[in-house]
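Heads up, the thing below is written out as structure tokens.
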Amino acid sequence: MPPTGRLNAREWTFFGLTLLFWAAFVILLGKDTSWDFRNYHWYGPYALLNGRMGMDVAVAHQGSWYNPYLDVPFYWLATHTRAWIALGVLGACQGTTVIPLYLMSRNILRVVTKPGDAQMLAGALALLGQFGALTITEFGTTYYDNVMAGFALAGLAIIVCNRDALRSGPLRNAALLSALAGLITGMAMGLKLPAMPWCVGFAAGLLAVGGSWKHIAVRLLAGGAAGLIGCAIFAAPWMLYVYELTGNPLFPYFNAYWQSPLALEAHYRDLRFVPATFWRQLFFPFLFTADWHVAGDLANQDIRLLLSYLLVIPAGVLLLLKKDSRDTLVERSAAIILFAFAAAAYLAWLKFFAIYRYAILFEMLSVLLVVTAVGLLPLPRRNRFLALAALCAGVLITTRSEFLERAPVEDPYIQTAVPPIPRPDRTMVLMTGDAPLGFIATTLPPAIPVLRIDGWFLQPRDGTKLTQDMKARVTRHRREGGDLYLLADATAVTRAKTALKDYGLAIRWPECQQFDTNITGAYQWCPLARMP
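Under this note's numbering, read the sequence shown as residues 420 to 951, first letter to last.
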């Protein structure tokens, strides 16, 4: 039987040392310089806390309207404490996924050993789950997919570790446990909508617990209601605000439905990676394992998702047909929950996103899924142990992470060498190009409005009301004698010239200045004049 009861001092020490390790690891890596960080993860909380939403326009492309609540804690720490403290806290928070992974591993294993040995094995599985290619890459970054995975894993761990109470215990306890798990899982989606597949998996896991129809109904109702509340806590205020601002609570996404006049009647979804045909869907894990470009923009190599895909399906069939091993290495009731969660969440992810970064929870959970699947196979125990050893070794040997470029840990967290601005109270800045420039906008004097007139969301001739409004604002500012400046990536000045032409503006080339930042890149700062 799996070990039960409270965690002992050794286990708490294991958690503490693991969190300290990841905190130190992130500090040593340095500051995140990823595209998303420079685009909206730093600008979003700045805009929220400084009332910029009605003043700036599309500074971070579509990301200008993303829910910034998830970014606020790190932004506050990085602007009010030292850089190394903010990074250390971020690393420790991202490392907390070890706790639900450990609790589920400890609870599901049926290996007949001493309790201490079972704890060591569970700890090894939990750590192996944290050393996936993408998981390692995302440590210290502000993508936060690993943080959202921690929420979802916590909800799943509550179900797995309390499955007996959920299946046949008092209805009140079943409702409370389901509500707690649902609340935590729903909060993940409220903070970041791409966490939606984990909510689908959560519902499937609750259903897979089994029991009487009363227990099933109570679990689903309590878990579903609490999940909606958890989602609404973080999503509803922002969605209402964006709706009042734009007429679309998810602006600009699904605007073909909401029809906000500010954007085109399009869905604006990133469907580059979603497989369109049945055969591509069937073999998708093979495809993205062979070539990471198939499912994302972050380079990595890891076979663990493919292994879990290949092993969970036959193991699940054997489990349903009751043909699994009589000498299983894992708890059957827990295996059913794990498999149901993984299958439902995977199908939802494949249908709506198919972006590997949004599947980071699978990467963390895959080692436990593989162990569970092999533990159910009707093979001699010795053969299963040998297979698990070979599979885990293969995963470690073939895993390849390509760390994103990092910046030195220094204060202030963001610093730019923007040239002096003579009249900030009479100045407007125009951005052009696809480069992420949001983090630079946070260093400009607060009186300056920043408008991105050209990018991969808005262009000067797109016909949107946002562009029409910006043209009117620029014309009015110019007629009132205000100063206009261009902010662009140093390599995209030709595109800037073309975009400005549609606004009746020209670059005063002799007065252009190039500057850099303490993060990355070289940028162009140019005064603008009316075209002759």
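For each residue, glycine too, the CB sits at the ideal point set by N, CA and C. Keep in mind that this is a model prediction, so the values were computed, not measured.
In the structure shown, the three-state DSSP call for CYS931 is coil.
Remark: fewer than three beta-carbon pairs, one from each stretch, lie closer than 8 Å, so the region 424 to 442 and the region 809 to 818 are not flagged as touching.
Residue pairing from DSSP places MET850 in a beta bridge opposite ARG871 and LEU906.
Per DSSP, ARG949 is not a residue of any alpha helix (DSSP H); the beta strand (DSSP E) it occupies stretches across 941 to 949. DSSP lists ASP451 as the bridge partner or partners of ARG825. The residues PRO464, in chain order, have a CB closer than 6 Å to that of TYR494 in the same chain once the five nearest residues on each side in sequence are set aside. Annotated as proximal: ALA641 and GLY601, with beta-carbon spacing under 8 Å. By the CB criterion at 8 Å, LEU544 and LEU787 fall inside the cutoff. An exposed status is given to ASN469, since fewer than 16 other beta-carbon atoms sit within 10 Å of its beta-carbon. Here THR835 is bridged, per DSSP, to THR936. Counting the other CB atoms within 10 Å of its CB gives GLY548 a total of 16 or more, which places it among the buried residues.
Distance check between GLY449 and each of ASP830, TRP875 and THR665 places ASP830 closest, using alpha-carbon atoms only. Judged by their CB atoms, GLY646 and PHE621 are nearer to each other than the 8 Å cut-off. If one requires a minimum length of 4 residues, the alpha helix (DSSP H) runs lying completely within the region 648 to 723 are 674 to 677, 697 to 701 and 703 to 709, in chain order. Comparing alpha carbon positions, the residue from PRO827, TYR904, LEU625 and LYS920 closest to ARG501 is PRO827.
Judged by beta-carbon spacing, LEU664 lies within the 8 Å limit of MET472, meaning their Cβ atoms are closer than that value.
Between TYR459 and PRO613, the alpha-carbon positions lie close to 16 Å from each other. In the structure shown, LEU877 falls within a coil segment according to DSSP collapsed to helix, strand and coil.
Nearest to ARG525 by C-alpha distance, out of ASN427, LEU585 and ASP451, is ASN427. Boundaries of the alpha helix (DSSP H) around LEU810: 800 to 817. Excluding residues up to 5 positions away in sequence, TRP768 lie with their Cβ nearer than 6 Å to the Cβ of ALA778 in the same chain. Here the region 726 to 746 makes no contact with the region 563 to 573; the two share fewer than three CB pairs at distances below 8 Å. Linking LEU810 to GLY605 through their CA atoms gives a straight-line distance of about 34 Å.
When the beta-carbon positions are compared, ILE732 and GLY624 stay at least 8 Å from each other. Around the beta carbon of ASP689, fewer than 16 other beta carbons sit within 10 angstroms, so the residue counts as exposed.
In the DSSP assignment, LEU528 falls outside any beta strand (DSSP E) and carries neither an H nor an E. Where ALA891 is concerned, the enclosing alpha helix (DSSP H) starts and stops at 884 to 898.
The beta carbon of ARG825 sits closer than 8 Å to the beta carbons of LEU448, GLY449, LYS450, ASP451, THR452 and GLY559 from its chain, once the five residues preceding and following it are set aside; these are given in chain order.
Rounded to the nearest whole angstrom, the C-alpha separation of LEU669 and ARG691 is 20 Å.
According to the DSSP assignment, ALA925 belongs to the beta strand (DSSP E) that extends over 924 to 926. DSSP lists no bridge partner for VAL566. In terms of Cβ geometry, SER820 and ASN667 do not form a close pair [threshold 8 Å].
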